[in-house]
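Colleague: Please read through the structure below; I'll follow up with questions.
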Amino acid sequence: KNTYSQNKIDIEIYQGTLQQVFQKIEKNTEFIFFYKDGTLPENDKFTINKKGIELNLFLDDLLKDYSIGYKVDDRQVTVYKKPIENRVKKALQFTVTGTITDETGLPLSGATVVEKGTTNGTQADFDGNFSIDVAGEDATLVVSFVGYSTQEVLVGSQSEIDIVLNEDTAALDEVVIVGYGVQKKETLTGAVAGVGGEELAQAPVTNISQGVAGRIPGVVAISNGGEPGYDGATLRIRGLSTFGNAAPLVVVDGVPGRSLERIDPSTIKNVSVLKDASAAIYGAQAANGVILVTTKRGKVGAPNIKFSYNHGISRPTVIPEMANAAEYATLLNEVDGYNDAPLRFTEDDIQAYRDGSDPWRYPDTDWYEETLKPWSAQTYGNVSINGGTEKMNYFVSLSHRYQDGFYENSATNYNQYDLRTNLDFNINEYLDVYINTTGRFEDRNYPTRSAENIFRMLMRSRPNSHAYWPNGMPGPDIEYGDNPVVISTDATGYSRDKRYVFNSDFGVNLKIPGVEGLTFRGNASIDKNFRFDKDWVTPWYLYSWPEQRVDENGDPILVRGKKGYEDPRLTETMDDSQRILLRGIFDYTKTFGEDHDINLLAGVERITNKGDSFWAYRRYFLSDAVDQLFAGGSEDMNNSGSGFEEARLNYFGRVNYAFSEKYLAEFVWRYQGSYIFEESGRFGFFPGVSLGYVVSKEKFWENTVPFISFAKIRASWGQTGNDAIDPYQYLANYSVNNLSYISDNGNSRTQTLFEGVIPNSNVTWETATQKNIGLDLDFLRGDLSLTVDYFHYLREDILWPRNASVPNTAGLTLPAENIGRSKNQGFDFNLDYRTNISDLRINIGLNGVYTKNEILFWDEPQGRPEYQQSTGRPIGAGLYYNAIGIFQTQEEIDNYPSWQGARPGDIIFEDYNDDGVIDGNDRVRYDASRVPTFTGGLNISMNYKNFDLAVLLQGASGGYFYETTESGDFGNYLQSFYEDRWTAENPSTEDPRTYNRNGEYWVSEQNTYWLRKSDYVRLKNIELGYTLPESVTSSILVKNFRVYLSAFNLLTYSPHIDDYDPESTSGSGYNYPLNKVVNVGASINF
Amino acid sequence: CDKDFLEVKPLDQYSDAAVWSDASLVNAFVNDIYLGQQYGFQLEMLASLSDISMTKRAEVNPILNSEINASYVSVLDPNHWLTSFRNITWNSLYLNIRSCNVFFERVEESGLQGEEIERLTGEVHYLRANFYYWLMSFYGGVPIVDQAYQIEDDFNIARSTFEETINFIVADLDAAAAALPLSGDKARATRGAALALKSRVLLYAASDLFNSNASWTDGYANPELVGYTGGSQTQRWQAAQDAAKAVIDLGIYNLYGGTSPASPQEARENYTNLFLNNGNEEDILISFYDDINDSDWQAPNPGRFYGPNGYHNWGNHTPTQQLVDSYEMIDGTEFSWSGPEAENPYENRDPRFYASILYDGANWRQRPDDVSAADPEGIVQTGFFENADGTFTPGLDTRQSSIEDWNGTYTGYYLRKFIDPSIDHQYETQRLPWRQIRYAEVILNYVEASLELGQEAEAKTYLNMIRNRAGMPDVPADESGEDLMDRYRNERKVELAYEQHRYFDIRRWMIAPQVIEDVEGIRIEHQFGSDDVEYQIMEVQNRNWQNKSYLLPILLDEMNRNDLLIQNPGY
């Protein structure tokens, strides 16, 4: 069985300790040595030069003078102190047997069991079984295994003890995924942060990007909304560094361009984020950082089958409080009053709205309550099988998720089906092969009206109008037939968006025979995306009550009206694309002399992406019974189609050098060619250098700062690119306008061509120069660890059109030119602390990132005054009039420069330039942008006996959003506006008078009154779990059974915003709100 | 990897080389320039920025109250979210002017020749003149860009004088007229179109506003930018008259329906139907809109935008009482609220009134199915009906209607002109073309120039053609001087209502200070138990005029981009 022990080793070392000898062997072979601290003599030095010696013979010889034993099991070599032979044995000897497994029931072969306070110990065998003789009942067993938390068990009267070790999350980080490889955390020199898949899976969200917030230091996540199927968060690595495209590159299992959002969280092993020059290996697409996702693979062992099921209920986090019917009528009367128009509601009308005495004529409708249900369901089910032998490992996962919309009788829902198969084959001692395949079906269903439209109508719908008449018939619309209670259902037809994703990967890892340490890795990946979208739009019906006529019984006569469309219409769209990636990498690892560890990596990669699309449209269907294109009429039928191609060629590499694992250096590079640019400037070179110094390895360290067990200083510099711009800007091209030119008395329709952007043959990458200094510290022997990074990013050559400075008289559609510069600097940190208080295990993690960006140069109009220049200000800082109060009297208006037509109750705009008039020159650049400057998260996880609890508090500050509502005669007002508004009777000094849509200057002109801070802290995530005692589960052949309760966005504190979610991107309430989820789930392992 | 692997070309575009070597692609390029013309059936209309119409959108108030400034021009801003005027903003006009200049330069370089290229060249001259016409009308003298800039060029350019601007437009139109066929497809420019636009441009050039030596400004330092500073206005009227006569003398256009209708009813139908076809003998240039490929809610949809709320339409651009009162009585006398006609104000009026305006009691079309029970006949209800208890039931098309009241009219009227009654506009978009230029305008241009030149007899002959076609009697033989001029101006106001003339006419005549006044509407009450109707005129919207509004300001951002620009007076 000991296949590895047949292996011969080479070893060359000068004056090295036993520990260093073992490390050297580890480096050059697959063997891993396990031993407890204090096992090996520290002072004895060895000089060895042996080639091709068998490990067993070598170790026998090496250890013959020591009372040290060893045991080889597969590739694990356990080294232990031999029990002292002449020890006096206690009279009473106790033999304890048992098995050691992980949380999923997988045997932990090689785990050590030591009797506490003695040197007496043993190891678990391949099946996790162990047997140990102990002194007596009061003996305590210390059970440990690499990557797992150590456990102590009192023997008591038990002669059989089964021990479950929990994975040590801190220990998991020992290995970090980096570009095209893996590095030990200890010797890592770049700024790389990561999170385990298990943590991400804690959040009951259907979109993994929503679960990222607060979990990875340096990653800023802005949730956009919770619409099923479109609930992705915007991720920004260390905030905004550019005013160009700021999206990070996502690489899933080594393939760029795959979706992060839709990955089944339970298949994620971990997520790694490259934040600094370490990303340079991804070259021209890496300037905004790189997110690397790695999925789970099989582990050697018996098949481990896991079922899990979640059932969640969700609702919007925040729903705006709107004015009720009486308040709304009052406000409209004020509008009329300001216009000297007759008031449209009498006092009696308003009273009737208030008291609800006549629900037919005087309704008071809460539109949100009528349209949204209290809770909507979401479910997630998964089954996975994981296991393997020495020759083959497998991980297979199948899952389904379902998410319902917020609406009553919702036409909105999302279904996703995932199948992932990751297979590893060990063909022979040189060759490994892997095959990864993922199939995913994303099934999105919506009403024919968009969520934005429905929520806009909810904001606008008038409380004095019926959602449903008292007899249950749907009430009238605002316009277009848009009664929200109807258009959120399938009464208007349907919109079905089906996407099929197939990702596949075939790879080989070949150890080159004869060259020790040299490996070739090659892979081919084909990703296929297919989409079929079908919009079937049918007329729907609403009821109105014309002239409030009644029948002979006095019952209202409602009239049914057809809405939206005269006849059904059908649009079908198909998109189809495939990306092919071919890659080859050589990897060489060698130790020279005693202390010089070198790793070289070089590879080449070509990526092509091609796609086609077409759509077709028909109307005049014979009936709505058949929703297929053939049944539509030929009049007005329409169709179109297009295609695209992309190609990239990349050469890349990495050089690592470590001296004694103390002085570390890394160089990464990429030479990348992209189809986006002209031939002469198509290739770019992107280098990155980083250095590390493990100062705690210095001899003086242990004596001077013993409480810091590990300390590393890192520094990096690198250049990366950003090519996320429209391609072909170097070509003079003409595009087809989607509108046709019609002539010949309306009988002839012909395409038209328009000039594209003016060609810019010099167009090239946006380059980022990224500097980073970091510090990693471990205190309390690793129980407390701290990572702090300071970063400074300089962006140059940002592609930006000179729209602001080129006069419109030029008539040019300007290309992006490499003119912009910006910088972004800040720091991020991560603090981890773990402790055990008897049976209570606690892990606390605190992370945060603070960033401050600044535009160094971009295109500004020449004559713009200094205080309006955006240069020197943060990206996204807008121009606003300074709202400095409310005009109370005509006299005040006369005494201060004001907008023409201003009246009491209007907002005072500051005459910023003091020229006596309010005009565009009084607008001031205000450092307010949607992206927060600080975001952070506090993770607390606790285990107590069979209970576990995880809490994530997440917050952000420094972001702003601009509030707008379409209030007035066709849109409701926020109730807070009603309460705070200025009136002649209750003159407010802070809030303005009632307005009608954007008729007032202080509504139509951007000003600081509507600017709101979006600071918040929220209980992003909480999960409480209970694992059934093994005594219960083992009787039903179950390895592990856990039930849990979890919640997402349960509580929020946002001091400046009441009516919208502080993470919302829309300040008008017009997008689908974020969701709050309460979830119950269970998982079971066989 | 093979070397050409990265040599990928766009699959959704044509290369520069392909376009300028293929006449059919060049044709497609010119067709796109045609799409840059203003299409009048927009959500917002130029008419409502004048005295004849009222839009309900409060956002335009700064324009109606002369409160716009160089930072804020409301819906006339190129970046305004309402796209109605996008094609006639500074930015779009210069964008399209560039397309014209690209055409001239690239065609010349390419060596493309032939009949089609020659015709297209003429069309592009016409189109460029058309774009400069709008700039001139809004701003006066503007920067004349006649080259296609390259990226490295110096873009700063000063405004040309008003005179230079007019000359440039006229030169383009002369070039167009020389190259274009006499007539042809009415959606394309022809010699007739070029000459007709020239007539309009020269009429504007001769008008008082541009010959006032900037008297309306507060001592503006650059009067040459906003009008002529020398020469003879009379000669300009002569040029305008000649230009109009040149079109008349082509002899290829006729007033639709002829000038001798058999009855007022027939005249009314003629005037109605003039706009309800895809081109007729009166049309000189028309534009169709591709609504099939434009699903934007702002895509032109006149029936839905302007129709009554009781038909689930949006009731925008309601005629003002001032316009309604401008329609003469059928006998050619003025309507007056103090005369006996005030008893039945909607009877015996100019047939064009019935063809242009929906009023309380007007027969319109079948009501939608949810409203038809309340009004099976389809009669417009902008009045209020008194009940036995003295309360009033609001008509279906009022602002107190049970149907979409917020879309109801403020003035008591709706627009009927242009709108096809055979279509249920809540669902469907009518596809009738917008008339860019029609022959009646040219005749009116001729009348105006003739009057200004003192040729009253000549003017009356042509004025009567317009009136007769509409079923109206000749101008009284003894009418002359100011009365005749007023008669003409009223005729132009009525005949060309909502056709994008009034906004400019009241400016170039410099009557805006008089006619821009608070909008009047009407309250109509049908008395209980009798046929009596009470009419009450009321003010429904405030408006103010300041002389700076004769021209638009150049936006501050554009001023900041180009330090050679000089701002218009008053801004």
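So the protein sequences, as listed, match chains A and B. For the first sequence, counting from 1, position 946 maps to 946 in the working numbering; every step adds exactly one. One gets the working numbering by counting positions in the second sequence from 1 and adding 10000 to each. Backbone N, C-alpha and C fix where the C-beta goes; we use that ideal spot for every residue, glycine too.
1. Does the distance between the C-beta of residue 10098 of chain B and the nearest non-hydrogen atom of the ligand MN fall short of 8 Å?
2. Pop quiz: residue 474 of chain A and residue 468 of chain A are said to be a contact at Cβ under 8 Å. What is the actual Cβ separation, rounded to whole angstroms?
3. Quick test of the definition: if touching needs 3 or more C-beta pairs under 8 Å, does the region 750 to 764 of chain A touch the region 732 to 741 of chain A?
4. Between which two residues does the beta strand (DSSP E) holding residue 1087 of chain A run?
5. Taking the alpha-carbon positions, what's the residue 133 of chain A to residue 127 of chain A distance?
6. Please report the distance separating the alpha-carbon of residue 1073 of chain A from that of residue 870 of chain A.
7. Is there contact between the region 572 to 587 of chain A and the region 518 to 534 of chain A, where contact requires at least three CB pairs shorter than 8 Å?
8. Looking at the C-beta of residue 851 of chain A, does it have a partner C-beta in chain B at a distance below 9 Å?
9. Have a look at residue 271 of chain A and residue 10310 of chain B and give me their C-alpha separation to the nearest angstrom.
10. Contact between the region 816 to 836 of chain A and the region 857 to 868 of chain A: three or more CB pairs below 8 Å?
11. Can you pull the DSSP bridge partners for residue 81 of chain A?
12. Out of curiosity, what's the CA-to-CA distance linking residue 185 of chain A and residue 175 of chain A?
13. For residue 130 of chain A, which residues from the same chain have a beta carbon less than 8 Å from its beta carbon, with the 5 sequence-adjacent residues on both sides left out?
14. Within 10 angstroms of its Cβ, does residue 802 of chain A collect 16 or more other Cβ (buried), or is it exposed?
15. If you draw a straight line from the C-alpha of residue 853 of chain A to the C-alpha of residue 930 of chain A, how long is it?
16. Could one say the Cβ of residue 806 of chain A lies closer than 9 Å to chain B's Cβ atoms, at least one of them?
17. With 9 Å as the threshold, decide whether the Cβ of residue 548 of chain A is near any Cβ in chain B.
18. Just checking: is the beta-carbon of residue 1082 of chain A within a distance shorter than 9 Å of some beta-carbon in chain B?
19. Secondary structure at residue 10172 of chain B, three-state DSSP: helix, strand or coil?
20. Terminal residues of the continuous alpha helix (DSSP H) containing residue 10237 of chain B?
21. Quick one: Cα of residue 286 of chain A to Cα of residue 716 of chain A, how far?
22. Please list, in chain order, the chain B residues whose beta carbon lies closer than 9 Å to that of residue 954 of chain A.
23. Please report how far the alpha carbon of residue 1086 of chain A lies from the alpha carbon of residue 306 of chain A, in whole angstroms.
24. Give me the Cα-Cα distance between residue 86 of chain A and residue 120 of chain A, rounded to the nearest whole angstrom.
25. How about the region 282 to 302 of chain A and the region 1052 to 1063 of chain A: do they share at least three Cβ pairs that are nearer than 8 Å?
26. Here's a check: name, in chain order, each residue in its chain whose Cβ is nearer than 6 Å to the Cβ of residue 145 of chain A, leaving out the five neighbours to either side.
27. Looking at the unbroken alpha helix (DSSP H) that takes in residue 10125 of chain B, where does it start and where does it end?
28. At a Cβ threshold of 9 Å, is residue 404 of chain A touching chain B?
29. Let me know the secondary structure DSSP gives residue 10186 of chain B once reduced to three states.
30. State the Cα-Cα distance for the pair residue 10034 of chain B and residue 641 of chain A, rounded to the nearest angstrom.
31. Give a yes or no on whether the minimum CB-CB distance between residue 10005 of chain B and chain A is below 9 Å.
32. Whole angstroms are fine: how far does the CA of residue 232 of chain A sit from the CA of residue 223 of chain A?
33. Tell me which residue opens and which closes the alpha helix (DSSP H) that residue 10487 of chain B is part of.
34. Using 10 angstroms around the beta-carbon of residue 217 of chain A, count the other beta-carbons present and answer buried if the total reaches 16, otherwise exposed.
35. Just list the residues that DSSP pairs residue 299 of chain A with in beta bridges.
36. Can you pull the chain A neighbours of residue 10025 of chain B, defined as C-beta to C-beta under 9 Å?
Modeller: The answer reads as follows:
1. This structure lacks the ligand MN; in fact it carries no ligand of any kind.
2. Sequence index remark: in the first sequence, residue 474 of chain A carries index 474 (1-based). Sequence index remark: in the first sequence, residue 468 of chain A carries index 468 (1-based). That pair is a contact at about 6 Å.
3. yes
4. Outside the displayed span of chain A (1 to 1086) sits residue 1087 of chain A, for which this structure offers no information.
5. As a working note, residue 133 of chain A is residue 133 in the first sequence. As a working note, residue 127 of chain A is residue 127 in the first sequence. Rounded to the nearest angstrom, the two C-alpha atoms are 19 Å apart.
6. Indexing the first sequence from 1 puts residue 1073 of chain A at position 1073. Indexing the first sequence from 1 puts residue 870 of chain A at position 870. Using only the alpha carbons, I get a separation of about 32 Å.
7. yes
8. Here residue 851 of chain A refers to the residue found at position 851 of the first sequence. No, no contact with chain B.
9. As a position in the first sequence, residue 271 of chain A is number 271, starting the count at 1. As a position in the second sequence, residue 10310 of chain B is number 310, starting the count at 1. Taking the straight line joining both Cα atoms gives about 59 Å.
10. yes
11. Taking the first residue of the first sequence as 1, we reach residue 81 of chain A at position 81. Beta-bridge pairing links residue 81 of chain A to A/68.
12. Working through the first sequence from its first residue, we reach residue 185 of chain A at position 185. Working through the first sequence from its first residue, we reach residue 175 of chain A at position 175. Using only the alpha carbons, I get a separation of about 5 Å.
13. Working through the first sequence from its first residue, we reach residue 130 of chain A at position 130. Closer than 8 Å at the Cβ level, and outside the excluded window around residue 130 of chain A, lie 97, 98, 99, 100, 111, 113, 122, 123, 124.
14. Residue 802 of chain A sits at position 802 when you count from the first residue of the first sequence. Label assigned to residue 802 of chain A: buried.
15. For the purposes of this step, residue 853 of chain A is identified with residue 853 of the first sequence, where counting begins at 1. For the purposes of this step, residue 930 of chain A is identified with residue 930 of the first sequence, where counting begins at 1. Answer to the nearest angstrom: the Cα atoms are 13 Å apart.
16. Along the first sequence, read from residue 1 onward, the residue named residue 806 of chain A stands at position 806. So yes, residue 806 of chain A belongs to the interface.
17. Stepping through the first sequence from its first residue, residue 548 of chain A is reached at position 548. Proximity of residue 548 of chain A to chain B, defined by a Cβ-Cβ separation below 9 Å, is satisfied.
18. Here residue 1082 of chain A corresponds to residue number 1082 of the first sequence, with the count starting at 1. So no, residue 1082 of chain A is outside the interface.
19. One-based indexing of the second sequence puts residue 10172 of chain B at position 172. Residue 10172 of chain B falls in the helix class under three-state DSSP.
20. Locating residue 10237 of chain B in the second sequence gives position 237, where the first residue counts as 1. It spans 10233 to 10250 - the alpha helix (DSSP H) in which residue 10237 of chain B sits, taken as one unbroken run.
21. Along the first sequence, one-based indexing puts residue 286 of chain A at 286. Along the first sequence, one-based indexing puts residue 716 of chain A at 716. Counting only the Cα atoms, residue 716 of chain A lies some 15 Å from residue 286 of chain A.
22. Numbered from its first residue, the first sequence carries residue 954 of chain A at position 954. In chain order: nothing, as chain B lies at least about 35 Å away.
23. The residue given as residue 1086 of chain A occupies position 1086 in the first sequence. The residue given as residue 306 of chain A occupies position 306 in the first sequence. Those two C-alpha atoms are separated by around 6 Å.
24. Residue mapping note: residue 86 of chain A aligns to position 86 of the first sequence, counting from 1. Residue mapping note: residue 120 of chain A aligns to position 120 of the first sequence, counting from 1. Bear in mind that the predicted position of residue 86 of chain A carries a pLDDT of just 46, short of 50, making it unreliable; the figure below should be weighed with that in mind. Rounded to the nearest angstrom, the two C-alpha atoms are 13 Å apart.
25. no
26. To locate residue 145 of chain A, count along the first sequence from 1; it is residue 145. Cβ within range, chain order: 108, 111, 165.
27. On the second sequence, position 125 is the one that residue 10125 of chain B refers to. Its alpha helix (DSSP H) spans residues 10115 to 10139.
28. Your numbering for residue 404 of chain A matches position 404 in the first sequence. No, residue 404 of chain A does not count as interfacial toward chain B.
29. By 1-based counting over the second sequence, the position of residue 10186 of chain B is 186. Coil.
30. Within the second sequence, residue 10034 of chain B is the residue found at index 34, counting from 1. Within the first sequence, residue 641 of chain A is the residue found at index 641, counting from 1. Going from the Cα of residue 10034 of chain B to the Cα of residue 641 of chain A covers about 24 Å.
31. Here residue 10005 of chain B is taken as the residue at index 5 of the second sequence, counted from 1. Yes, its Cβ sits closer than 9 Å to a Cβ of chain A.
32. Locating residue 223 of chain A in the first sequence gives position 223, counting from the first residue. Locating residue 232 of chain A in the first sequence gives position 232, counting from the first residue. Between residue 223 of chain A and residue 232 of chain A, the C-alpha separation is close to 7 Å.
33. On the second sequence, position 487 is the one that residue 10487 of chain B refers to. Unbroken alpha helix (DSSP H) run through residue 10487 of chain B: 10481 to 10495.
34. Your numbering for residue 217 of chain A matches position 217 in the first sequence. Buried, by the Cβ-count rule.
35. Residue 299 of chain A sits at position 299 when you count from the first residue of the first sequence. In the DSSP output, where bridge partners are listed per residue, residue 299 of chain A has none listed.
36. What you label residue 10025 of chain B is simply residue 25 of the second sequence in a count that begins at 1. The answer, in chain order, is 734, 753.
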